[in-house]
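The sequence shown maps to residues 5 to 294 in the numbering used here. Positions of the beta carbon are idealized from the N, C-alpha and C atoms, including for glycine. Just so it is clear, the structure is predicted and the values come from calculations on it, not from any experiment. What follows is a short report on a single structure.
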Amino acid sequence: MDPVLQALQSAEIYVESDVSARKLSTFAAGGMVQRLVLPADVRQLQCAMRIMRPVRYHVLGGGSNSLVSDFGLAWVLSTKRLKGITVSGDRLVAAAGETLPALAKAACAEGLGGVEFAAGIPGTVGGALKMNAGAYGETMADTVEYATVVTADEVRQVPKNELHLRYRSSQIGGVVAEVGFVLSPKDRGAIEATIRDMQTARAAAQPHQASLGCVFKAAGGVAAAKLIQGCGLKGTRIGGAQVSGVHCNFIVNMGGATARDYLRLVDVVKKAVYERYGVYLEEEFVHLHD
Ligand SMILES: Cc1cc2nc3c(=O)[nH]c(=O)nc-3n(C[C@H](O)[C@H](O)[C@H](O)COP(=O)(O)OP(=O)(O)OC[C@H]3O[C@@H](n4cnc5c(N)ncnc54)[C@H](O)[C@@H]3O)c2cc1C
């Protein structure tokens with residue numbers, strides 16, 4: 005048996021074998037993940053990282069920003085079982101595997117505002133910190149105080165200024181195990197109303213098919229969707245992947261799409277936007293491949 009797998013099993017760390025990436029990425033495409041490692045807490049997370057030192061592995065949260073190669077991946081470390089949210093006064097700490105809707109709901113239940121935007125984003129807290137996710141003018145960076153970051157060698161509380169949270173990016177040297185937020189007391193009814201308005205706006209503006217959300221970052225303050233639409237690319241299809249007719253910065257899976265279809269469409273869009281506007285679009289999604 006593979007010695008890494010054997011060591012993980014001896015440490016009682018849960019591993020699933022031969023999992024389709026279609027179940028792990030919200031684009032519902034990609035090959036097989038040979039080993040999906042699912043630590044249950046911070047101690048197991050660090051133990052897994054130590055054991056997995058000799059292999060190349062990828063970190064995955066909700067897979068809502070991750071395109072997995074059609075050739076699959078050998079090793080994936082999933083944060084999905086890292087769960088728990090605690091609140092003390094205006095401070096909330098969420099484990100990395102909690103979903104963003106669960107984060108928004110917990111904050112709302114305590115009458116704490118500041119993460120309403122998270123209610124409609126289908127990722128995990130850890131993935132959202134890594135991407136500095138945001139919507140409606142707010143981002144994770146606005147309320148994060150620190151993150152507990154794990155490496156094979158240490159578990160460290162990293163203050164916000166060392167996370168280098170920028171527009172849809174960060175610099176985090178390890179796996180995020182939990183995130184601490186400082187929120188603002190706010191009327192529960194007002195929080196619920198804000199969340200409802202955001203959900204309504206989202207439902208009207210975004211497609212319902214499988215996707216990874218926005219494909220490209222805004223370019224110099226200009227929405228990528230506007231540039232893509234300006235190139236007449238709405239509805240352009242390669243294989244099972246299509247530039248959404250509802251929101252041009254979404255590539256949706258119309259059924260049976262491959263990661264290659266997605267990437268070929270990304271190339272078509274980038275080339276067209278560059279030729280028409282001289283603007284180089286930068287990808288927002290992450291492409292995971294061995
Ligand atoms: C329908 C839809 C709507 C969306 N709307 C928005 C939106 O409004 N705003 C927005 O910003 N995004 C949006 N997204 C994109 C996506 O949901 C966010 O980027 C989300 O925060 C990603 O979280 P995740 O857990 O799914 O990340 P994943 O896709 O699992 O991972 C993303 C990246 O983070 C890394 N990562 C994941 N977890 C950790 C961890 N614990 N520690 C270290 N690195 C980690 C991964 O290795 C990868 O590089 C949308 C996506 C979809 C499908």
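At a Cβ-Cβ threshold of 8 Å, S70 and K134 do not count as neighbours. Around the beta carbon of K84, 16 or more other beta carbons sit within 10 angstroms, so the residue counts as buried. Put simply, the segment 11-20 does not touch the segment 192-210. Fewer than three CB pairs are less than 8 Å apart.
The beta-carbon separation of G184 and Y140, rounded to 23 Å, does not stay under the 8 Å limit for a contact. Exclusion of T204 from the 7 Å shell around ligand 1 follows from its C-beta lying no nearer than that to any non-hydrogen atom of the ligand. Rounded to whole angstroms, the Cβ separation of L49 and S82 is 10 Å, and the two are not in contact under 8 Å.
According to the DSSP secondary-structure assignment, M144 is paired through a beta bridge with no residue.
Taking C-beta atoms under 8 Å as the contact rule, E114 and F220 fail to qualify, at a distance of about 36 Å. Under the three-pair Cβ rule at 8 Å, the segment 156-174 does not count as touching the segment 118-128. Beta-bridge pairing by DSSP links V19 to V41.
Distances between the C-beta of L64 and the heavy atoms of ligand 1 include at least one below 7 Å. Cβ-Cβ separation between A181 and A100: approximately 5 Å, consistent with a contact (criterion under 8 Å). As DSSP reads the structure, M36 sits in a beta bridge with S24. Bridge pairing for E182: A99, T152 [DSSP].
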